[in-house]
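Heads up, the final residue of the sequence shown is numbered 356 in the numbering used here, and it's a clean run with no missing numbers.
Below is one structure; the comments refer to it alone.
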Amino acid sequence: METLLEIKDLKTYFYSNKREIRAVDGVDLTIYRGETLALVGESGSGKSITSLSIMGLIPNPPGKIVSGQVLFEGRDLVRLSEKDMQTIRGNRLAMIFQEPMTSLNPVFTIGFQLTEPLRIHQKMSKKEAEKRALALLELVGIGRAAEILKSYPHQLSGGMRQRVMIAMAMANDPQLLIADEPTTALDVTIQAQILSLMKDLKAKMLTAILLITHDLGVVAEMADRVVVMYAGQIVEEAPLLELFDNPRHPYTRGLMAAIPRLEDEKEHLDAIPGTVPPAYAYPKGCRFAPRCPLKTDRCTTEMPELIQVGKDHKARCLYAG
């Protein structure tokens, strides 16, 4: 498979009150053309900061990419100027944000927000851009497209706004679409429609998707491969079925055990004790050790490497090999 995006030893830190907050701490990641890669983990694991690092949207100050490379189609995005990034962002590389109400500009119509990127990146005339905007709204399953173009974000439902965000992201036929929790605020029916829509668009346009989520049900529905993040690091990586059938890291097993199942007759769901450690105070040794049911003394002093545990399977655990 052809590599589309390759992240090498990415470190994105924030600086606040004389603290160094290591939000992303040495991440290696590869996305291949046309695949859907799911990035999973609890809140505070570093998933969203990884995506903002790719997009060049880390607010500086207080944050910055300290070291590493983000190679997209062979170009290191970390080294590009903001002007050069603007020619890629929203064009070859697009993102759907978690909450569309805060991502859409409330003072502009949907039509203006859809046509502006087309006029900037593709140098379309106003008429051409409006025609393309109508086609995009129809592509994402929005009826009354001409009417919606004249509407403002607050006049649309949450599901409709999310569809508009997807239409905007797909406007310039990106090679990579980053979707950060794209269905979190939606009810189950709309969620299923949005996931189905993303699968259809991927099939039609051969767009690769980086899907950021904490919902393993969404992962099972969408992903080809899965990367599990914890405390700023990747702790497991495998093809979808391999990960679900044979999770090798205790954290991944804990996430799997917490999935509710219809056939179970438990009164309480399983949960991983404790919380993700703050990024300014990671424990020594394995970062999952304080919550791990299998920890030994060695785990509290020795930092495990991400090692190969199968053909396409990696895990960061001293006892995964």
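For every residue, glycine included, the Cβ atom is placed at its ideal position computed from N, Cα and C.
query	result
Residue 173 classed as buried or exposed, judged by whether at least 16 other C-beta atoms fall within 10 angstroms	exposed
DSSP state of residue 309 mapped onto helix, strand, coil	coil
Residue 49, DSSP secondary structure in three states	strand
Cβ shell of residue 84 (< 7 Å), same chain only, five flanking positions each side left out	47, 58, 59
Cut-off 8 Å between Cβ atoms - residues of its own chain near residue 359, not counting five sequence neighbours on either side	Nothing about residue 359 can be read from this structure; the chain reaches only from 36 to 356.
Residue 245 beta carbon less than 8 Å from that of residue 116	no
Inter-residue spacing [alpha-carbon to alpha-carbon] between residue 114 and residue 295	44 Å
The beta strand (DSSP E) enclosing residue 262, as first and last residue numbers	260-265
Contact set for residue 259: own chain, Cβ-Cβ below 8 Å, skip 5 residues either direction	70, 71, 72, 274, 275
Between the CA atoms of residue 309 and residue 289 - distance to the nearest angstrom	12 Å
Sequence ranges, alpha helix (DSSP H) only - wholly within the region 143-195, length at least 4	145-156, 161-174, 180-184
N- and C-terminal bounds of the alpha helix (DSSP H) containing residue 78	It is not in any alpha helix (DSSP H) - residue 78 carries neither H nor E in the DSSP assignment.
Local Cβ density within 10 Å of residue 291, reported as buried at 16 or more and exposed below that	exposed
Burial state of residue 333 (16 or more Cβ within 10 Å)	exposed
Selected residue, minimal CA-CA separation from residue 55, among 106, 267, 240	267
Reduced DSSP category for residue 356 - H, G, I as helix; E, B as strand; rest coil	coil
Counted within 10 angstroms of its Cβ, other Cβ atoms place residue 44 as buried (16 or more) or exposed	exposed
Distance between residue 250 and residue 317 (C-alpha atoms, nearest Å)	24 Å
Rounded distance between the beta-carbons of residue 248 and residue 133, thought under 8 Å	Not really, about 10 Å apart at Cβ, beyond 8 Å.
Neighbour-count burial assignment, residue 76, 16 or more Cβ in a 10 Å radius	buried
Contacts around residue 65, its chain only, beta-carbon distance under 8 Å, and the 5 residues preceding and following it disregarded	38, 40, 41, 42
Residue 101: CB within 7 Å of a non-hydrogen atom of the ligand MG	For the ligand MG, the structure offers nothing, since it holds no ligand at all.
Option in 157, 194, 329 with minimal Cα separation from residue 209	157
For residue 306, the nearest candidate out of 312, 326, 322, 341 (CA to CA)	326
Residue 221 beta carbon less than 8 Å from that of residue 176	no
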